[in-house]
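Counting in this note's numbering, the sequence shown runs from 14 upward without gaps. In what follows, a single structure is set out as structure tokens and then discussed.
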Amino acid sequence: MKVKNKYVNRSRISEKKFREIIKYFSLDLNAVQIKELTGLSRQTINKYLTAIRLRIVELSILQSAPLVSR
């Protein structure tokens, strides 16, 4: 079975659409604007944007210097 999207497990959108969402997110477009450009529903866009933001937070926490208590 061919994986439809290697970035998201059990995704119902193609990898191409997911990359479009990432591109428009990086251009700082809101969910409604991304919805109009991709043809996906606003709820779907919001789901992926939330997941992207959470992943950014996780990575920034991992990369930040650990706090040292004295």
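Note that the Cβ used here is the ideal one computed from N, Cα and C, for glycine as well.
Contact check, R55 vs A44, beta carbons under 8 Å: Between R55 and A44, the gap from beta carbon to beta carbon is short of 8 Å.
Cβ-based neighbour list, L50, same chain, cut-off 8 Å, excluding 5 preceding and 5 following: E33, Y37 and L42
K60 in three-state terms, based on DSSP: Correct three-state label for K60: helix.
Same chain only: Cβ atoms within 8 Å of S27, ignoring 5 sequence neighbours per side: K17 and N18
Span of the alpha helix (DSSP H) around L50: A44 to T51
For R66, three-class secondary structure by DSSP: Correct three-state label for R66: helix.
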